[in-house]
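A.B. asks: Below: one structure in structure tokens.
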Amino acid sequence: MSIRYIILGYLNTSDLTGYELKKAIAAHPFLPWSGNNNQIYKALTELEDNGYIQSQRVIQSLAPNKKLNRRFVIMKISPMMVTLIDKMGSDLSVVNAARVSFAKESDWEAINPVEFGMAHLKREGSLNTYEQGEVCLSAKDQKLISYLAKHNHWTPFAHAFLSFRIKAPIFVARQLVKHQVGLAWNEVSRRYVDDEPEFWFPEVWRKRAENVKQGSSNVEIPPINLLVRDTNDEYTNSPENFVEEALNFYQGLLDAGVAPEQARMVLPQNTMTEWIWSGSLAAFARVCRLRLDPHAQQETREIAQQINDLVPSEFEHSWKALVNGSA
Ligand SMILES: Cc1cc2nc3c(=O)[nH]c(=O)nc-3n(C[C@H](O)[C@H](O)[C@H](O)COP(=O)(O)OP(=O)(O)OC[C@H]3O[C@@H](n4cnc5c(N)ncnc54)[C@H](O)[C@@H]3O)c2cc1C
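If you read the sequence shown in our numbering, its first letter stands for residue 1, the second for the next number, and so on.
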């Protein structure tokens, strides 16, 4: 085991000088070597240069000044993020999935046939596109989409697909993964990955609601009022401090050789996770209808809102009809 890991392990429990580290290492019954000043101070310099520890000079009146070393983990704070990575189909493919019942097929309409000189139709696989000019869905087909959505004829909307890459804290992912039908979910696994976790923090802490079903009220709690007594019987008003402690502990467990699949259990629920979420247009519309509702948790609404912002450019009429009930 490298001396740097041994030093990080010791500094995880308390701030120590180089001399105290040497004494602790020398006294340890199982470490394979005793440690000497050269190795220890060289490793401390390397760790500080790489940002893993911070040293602080402590001025003492009755003894020589000393240099205390403190393990320093940089906590990465990250925003929630939804990226559309793939899609299949269009408003027209939804229409044609319905029109096949009558052995019929629709096509795009040129937006301004005169200006674009009546574009030529071109077949590309099963999709019709125009060689020149812009196209849109005909009024008749827009009406059909509204009708299908209104009467819950959902299967035509299940032939179109979307695939997202999403980054969100675990407590948000935990709610979203409950949506199952028509969707597939593959997530990063902290059994295998042990790189430094990222965390999410709210900009505003909300007061608990009078009505328990509401989850939270709109009343903000100023950070200065978030006083919590920590395990040292000291008051802190910083959730970031608490998370930093958990992160330090996680790193300490990894340094001690604990398997990532177990060490992860000390990470808090605001640890970021990442997953690829694919499924039908019908399924994502159901997710958004449920999670854009004001009764849904605000943090989870943020992911639904990002999905809701991305889909209309791909499925303008279908999305409007499915999510807002109007096309
Ligand atoms: C505001 C809010 C609060 C919530 N609170 C809680 C909570 O406190 N605890 C909790 O556990 N969950 C909670 N949920 C999750 C909720 O119970 C659902 O699991 C979640 O919304 C997924 O719903 P879905 O319709 O997308 O489900 P999916 O499982 O994806 O199902 C899709 C649809 O298929 C049909 N379906 C699926 N399974 C069956 C079945 N077995 N029988 C018949 N039809 C079926 C239904 O029509 C269903 O709507 C909450 C959800 C919301 C939006």
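Every residue, glycine too, gets a C-beta built ideally from N, C-alpha and C.
Say yes only if the C-beta of Ala285 is nearer than 7 Å to one or more non-hydrogen atoms of ligand 1, and no if none qualify.
C.D. replies: Result no, Cβ not under 7 Å from ligand 1.
A.B. asks: What would DSSP say about Leu11, mapped onto helix, strand or coil?
C.D. replies: In this structure, Leu11 counts as helix in the three-state DSSP scheme.
A.B. asks: With distances taken Cα to Cα, identify the nearest neighbour of Pro197 among Pro312, Ser93, Gly279 and Met272.
C.D. replies: For Pro197, the nearest C-alpha among the options comes from Met272.
A.B. asks: For His252, which of helix, strand or coil comes out of DSSP?
C.D. replies: The residue asked about is misnamed: residue 252 is Gly in this sequence, not His. Reduced to three states, the DSSP call for Gly252 is helix.
A.B. asks: DSSP beta-bridge partners for Cys136?
C.D. replies: Looking at the DSSP assignment, Cys136 forms a beta bridge with Glu109.
A.B. asks: For Ala186 and Leu310, I'd like the C-alpha separation in whole angstroms.
C.D. replies: With the sequence shown as reference, residue 186 is identified as Asn, and Ala is not the correct amino acid for it. Roughly 20 Å separates the two Cα atoms.
A.B. asks: Can the beta-carbon of Ala184 be found less than 8 Å from the beta-carbon of Gly279?
C.D. replies: Cβ distance < 8 Å, so Ala184 and Gly279 count as in contact.
A.B. asks: Determine the burial state of Gln142: buried for a count of at least 16 other Cβ atoms within 10 Å of its Cβ, exposed for fewer.
C.D. replies: Classification of Gln142: buried, given that the 10 Å Cβ count is 16 or more.
A.B. asks: Taking Cβ positions, are Glu109 and Val82 nearer each other than 8 Å?
C.D. replies: Cβ atoms of Glu109 and Val82: not closer than 8 Å.
A.B. asks: I need the boundaries of the alpha helix (DSSP H) containing Lys167, first residue and last residue.
C.D. replies: Per DSSP, Lys167 belongs to no alpha helix (DSSP H); it is in the beta strand (DSSP E), Phe161 to Pro169.
A.B. asks: Three or more C-beta pairs closer than 8 Å, one from the stretch 276-293 and one from the stretch 170-179: is that the case here?
C.D. replies: Yes: the two stretches touch, three or more of their Cβ pairs being nearer than 8 Å.
A.B. asks: With respect to 7 Å, is the separation between the Cβ of Gln269 and the closest non-hydrogen atom of ligand 1 below this value?
C.D. replies: The answer is no for Gln269.
A.B. asks: Please report the residue range of the beta strand (DSSP E) in which Thr83 lies.
C.D. replies: Counting along the chain, the beta strand (DSSP E) containing Thr83 begins and ends at Met81 to Met88.
A.B. asks: Please report how far the alpha carbon of Trp319 lies from the alpha carbon of Asp86, in whole angstroms.
C.D. replies: Whole-angstrom Cα-Cα distance: 16 Å.
A.B. asks: Can you give me the Cβ contacts of Ala263 inside the same chain, cut-off strictly under 6 Å, excluding the 5 residues immediately before and after it?
C.D. replies: So the qualifying residues of the chain are Tyr250, Leu253 and Leu254.
A.B. asks: Do three or more CB pairs link the stretch 202-211 to the stretch 220-227 at distances below 8 Å?
C.D. replies: Yes, since at least three Cβ pairs between the stretch 202-211 and the stretch 220-227 fall closer than 8 Å, the two stretches touch.
A.B. asks: Distance check for Val258 and Thr45, CA to CA, integer angstroms please.
C.D. replies: Distance between the alpha carbons of Thr45 and Val258: 26 Å.
A.B. asks: In the DSSP output, which residue or residues are listed as bridge partners for Trp275?
C.D. replies: The partner list for Trp275 (beta bridge, DSSP) reads Ile166 and Glu187.
A.B. asks: For Arg270 versus Phe171, is the C-beta distance shorter than 8 Å?
C.D. replies: Residue identity check: residue 270 is Asn in the sequence provided, not Arg. Going by C-beta atoms, Asn270 is nearer than 8 Å to Phe171.
A.B. asks: Between which two residues does the beta strand (DSSP E) containing Ile221 stretch?
C.D. replies: Note, Ile221: beta strand (DSSP E), Ser216 to Ile221.
A.B. asks: With DSSP as the reference, label Gln298 as helix, strand or coil.
C.D. replies: DSSP places Gln298 in helix when its eight states are reduced to three.
A.B. asks: With C-beta atoms as the reference, is Gln297 less than 8 Å away from Gln214?
C.D. replies: The answer is no: Cβ separation not under 8 Å.
A.B. asks: What is the DSSP secondary structure of Val228, counted as helix, strand or coil?
C.D. replies: Strand.
A.B. asks: Can you tell which of Glu105, Lys67 and Ala168 has its C-alpha closest to the C-alpha of Ser138?
C.D. replies: Of the listed residues, the one whose Cα sits closest to Ser138 is Glu105.
A.B. asks: Check whether the stretch 92-106 touches the stretch 152-165, taking contact to mean three or more Cβ pairs, one atom from each stretch, closer than 8 Å.
C.D. replies: Yes, the stretch 92-106 touches the stretch 152-165.
A.B. asks: Cβ-heavy atom distance between Val181 and ligand 1 below 7 Å?
C.D. replies: Checking every heavy atom of ligand 1 against the Cβ of Val181, one is found closer than 7 Å.
A.B. asks: Measuring alpha carbon to alpha carbon, tell me which residue in Ile77, Leu281, Lys42 and Ile40 is nearest Ala149.
C.D. replies: Nearest option by C-alpha distance: Leu281.
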